Structures are given as C-alpha cells and as structure tokens.
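**Q** One structure follows; several queries about it will come next.
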Amino acid sequence: MMKGRVFSGARPTGRQHIGNYLGAIQNYVELQKEYDCIYCIVDIHALTTMEDVAGMQSNIREMMLDWLAAGLDPERSILFVQSHVPQVMELHTLLSMVTPLGWLLRVPTFKEKARMQPQNVKYGLLGYPVLMTADIILYKADTVPVGEDQLPHLELAREIARRFNNLFAPVFPEPQAKLTPYPLVLGLDGVNKMSKSLDNHIEMAATPEETQRRVMTAFTDPERRYRQDPGRPEVCNVYRLHHSYNVDRLEGIGQQCRSAGIGCVDCKKLLAQGINTALEPFRERRAAITARSGYVEEVLADGARRAHVIAEKTIREVKEKMNLL
Ligand code: SF4
588 MMKGRVFSGA RPTGRQHIGN YLGAIQNYVE LQKEYDCIYC IVDIHALTTM
638 EDVAGMQSNI REMMLDWLAA GLDPERSILF VQSHVPQVME LHTLLSMVTP
688 LGWLLRVPTF KEKARMQPQN VKYGLLGYPV LMTADIILYK ADTVPVGEDQ
738 LPHLELAREI ARRFNNLFAP VFPEPQAKLT PYPLVLGLDG VNKMSKSLDN
788 HIEMAATPEE TQRRVMTAFT DPERRYRQDP GRPEVCNVYR LHHSYNVDRL
838 EGIGQQCRSA GIGCVDCKKL LAQGINTALE PFRERRAAIT ARSGYVEEVL
888 ADGARRAHVI AEKTIREVKE KMNLL
C-alpha cells in the first residue's frame, strides 16, 4: 500500500524548547513510522516578521541539530530549508494568480497582525497563506499535522488547491489536517504559550542545572501562598508538565499537592528531575551530532536534492496545465 505524504514546516527559531518538542517534534518523529515525511525549516516565512536576519543561519543549524537529536531521521524523511528549493517561490507566484484577494484579507491572523502593527503590513504577510499552500502542495502532501489554531490556514490551502484543480486540471491533492494530540504547551508563566520571545521556555539542550533553575521560576497555583495551604494541581502548570515528565508519579503528586503533603519547591525539583532524565539521551545524541563536522550541512543538502526532484516534477505539471510550456 502507498504511504501517505506528510508535510510540515517550522520557522527557524534556533534551539528548540520543550514546548516545541511536546507540541510538534515528538509528533513529527512518530509520523515517520506511518508516512513519507517532509519537514522543512521555513526561512522565507520567517522574513514576514523578522527584521534582523543576522542569526538566520545559526538558527537553522541549531534547530536542525535539535530535530536530528530528537529522532528525525534523514534516511526516512526529507529534511531541508525552504529557500534551498526555489520552485516554492515559483509556485507561490502562480498560485497568487488564482487566489482571490478577499480570501486573504479575511484570514483572522492577518487581520489581527494588521491591527496590532498597522505600520508594518507588507505583502508577504498577506500572501503568507499562499506561500504556505505552495509549501504543502508543491510536494503533493496529503496530510499536514496542525494544531487547532492552524486549521483556518489549512482550510484556505485546501480551497486554493481546489480552485487551481477546477480552473486548470486536477494536479493537487487537497491536504488533510492531522490534529496533534498535545498542541498547546504553556510556558513557565502558566498563562502564555511557551515561547522564546516571552522567555518562559526551557530549551531541550539546556544543561541540567539551567533546566532546574528555570523550572524553579515557574508559576504554580496562585492561591497556594504558604507551604501548609492545600494546592490545586488542576490549575497548576507545573502539574500539567508532570503529565509529560513524571507520568508514573502523577497521581501521587496530585494527592500530595491537595493535602499539602508536598511543597511547590520540592514539586518543582521533581519536575526538573523528570525533564532532565527524559532529555538525557537527547542531549547525548545532540553532542555526538554536533561533533560530526559538516553533518548538518550534508543532511540539508541531501534533503534539498530530494525535495528538488519532487518539486521540479510538480512545477512542470503545473506549467503544462497553465499552458506555460
Ligand atoms: S505542589 Fe506542585 S502541583 Fe501543587 S501547586 Fe505546587 S507546584 Fe503545583
């Protein structure tokens, strides 16, 4: 039986944090068992909001190191950088000829960003969903792992693919969403999504000491002010993270919290231990990969070569149907 094809892209944000891992990377790793996977670092997308490009190459490298150490396998999956396969820009331009402007102006994230930063609304921001569509359908991916918040973007990608197919010929599959089981991971502030820009994150490659230091800053149940106060694990983000890193002790920690049998300091130390134990093999693999001079560059060059073969075939087909050849 033919395997389905997964595509997913992520911006070059440098070293990944445990929110990236729980929300996306671990799912990427699992999907490799069932699908042909294409995972892309979308550097052009990053330009829609990034003004300072100085760190771009080091961010790409650090991110790929984390992906590889976490289990993305270049033998099974295609791993590459978006701009290394320039056909995506070509398809973006061709799709922009079939995408009604009204569809793009209605995208909620565009409206939100335009409202928040009216002095900085560029075409790239408006055209972002068209480029995202090109990313997916250039490789004829039929499955896209997404969080619920990205469903409107994927629906738009499906509409653009459908419109092209109706106007010219059925070239593209309409990509289906595959909802990730754990899409939202809150940061150490317990309020916002874990993110580097909010400095509420824990890097996967952090040292054990740094990990513990950061965990100790985490917000907990705001009503538990004194050690003897019973806590409410159900509203505590530290407890939520125990679900991922101390699953065997979860029930006990919950009971001890409710009866004030454990204090938040000790509870956080347990969490830091759990995270460090889980990340130990990852950190060892990362160090080994880092020591292999030129390895990341080889992986990316090979990924771009393989992606290029698929992309070239699709572009040819698109141009034939649009009578451009
Ligand atoms: S004991 Fe743990 S679960 Fe309970 S409030 Fe404190 S940090 Fe949260």
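Position in the sequence shown (first residue = 1) + 587 = our numbering.
No residue lacks a Cβ here, since even glycine has one placed at the ideal position from N, Cα and C.
From a predicted model like this one, the values you see are computed outputs, not experimental measurements.
Helix or strand or just coil, what does DSSP make of F697?
**A** Locating residue 697 in the sequence shown gives position 110, where the first residue counts as 1. Correct three-state label for F697: helix.
**Q** Tell me, to the nearest whole angstrom, how far the beta carbon of I724 is from that of Q669; I am working on the premise that it is less than 8 Å.
**A** Here residue 724 corresponds to residue number 137 of the sequence shown, with the count starting at 1. Here residue 669 corresponds to residue number 82 of the sequence shown, with the count starting at 1. Wrong, their Cβ atoms sit about 14 Å apart, outside the cutoff.
**Q** Express the C-alpha separation of L634 and V640 in angstroms, rounding to a whole number.
**A** As a position in the sequence shown, residue 640 is number 53, starting the count at 1. As a position in the sequence shown, residue 634 is number 47, starting the count at 1. About 8 Å.
**Q** Who are the near neighbours of V733 in its chain, counting only those whose CB is closer than 6 Å to its CB and skipping five residues on each side?
**A** In the sequence shown, the residue the question calls residue 733 occupies position 146. Closer than 6 Å at Cβ, skipping near neighbours: L741 and A764.
**Q** Going by CA-CA distance only, name the one from I862, P809 and G606 that's closest to K913.
**A** Nothing can be reported for residue 913, as the shown portion of the chain is limited to 588 through 912.
**Q** Would you say F755 and K908 are within 8 Å of each other, going by their C-beta atoms?
**A** One-based indexing of the sequence shown puts residue 755 at position 168. One-based indexing of the sequence shown puts residue 908 at position 321. In contact: F755 and K908 (Cβ atoms closer than 8 Å).
**Q** Using 8 Å as the threshold, is the C-beta distance between K744 and P762 below it?
**A** Sequence index remark: in the sequence shown, residue 744 carries index 157 (1-based). Sequence index remark: in the sequence shown, residue 762 carries index 175 (1-based). Here the sequence assigns Ala to residue 744, which means Lys is not the residue at that position. Yes; because the gap between Cβ atoms is below 8 Å, this pair is in contact.
**Q** As an exercise, report each continuous beta strand (DSSP E) stretch of at least 3 residues that is fully enclosed by the stretch 636-670, in chain order.
**A** Runs found: 665-668.
**Q** Buried or exposed: where does H830 fall if 16 or more other Cβ atoms within 10 Å of its Cβ makes it buried?
**A** Looking up residue 830 in the sequence shown gives position 243. By the neighbour-count rule (16 or more Cβ atoms within 10 Å), H830 is not buried but exposed.
**Q** Where L775 and I902 are concerned, what is the direct C-alpha to C-alpha distance, given to the nearest angstrom?
**A** Walking along the sequence shown from the start, residue 775 turns up at place 188. Walking along the sequence shown from the start, residue 902 turns up at place 315. Each residue's alpha carbon lies about 45 Å from the other.
**Q** Give a yes or no on contact between the stretch 695-710 and the stretch 650-665, applying the rule of three or more CB pairs nearer than 8 Å.
**A** The stretch 695-710 is not in contact with the stretch 650-665.
**Q** Following the continuous alpha helix (DSSP H) through D889, name the residue where it begins and the one where it ends.
**A** Position 302 of the sequence shown holds residue 889. Where D889 is concerned, the enclosing alpha helix (DSSP H) stretches over Y882 to K908.
**Q** Between Y726 and H632, what straight-line distance do the alpha-carbon atoms span, to the nearest angstrom?
**A** Here residue 726 refers to the residue found at position 139 of the sequence shown. Here residue 632 refers to the residue found at position 45 of the sequence shown. Each residue's alpha carbon lies about 17 Å from the other.
**Q** What residues in its chain sit with their C-beta under 8 Å from that of G848, if we drop five residues either side in the sequence?
**A** Mapped onto the sequence shown, residue 848 falls at position 261. The answer, listed in chain order, is Q842.
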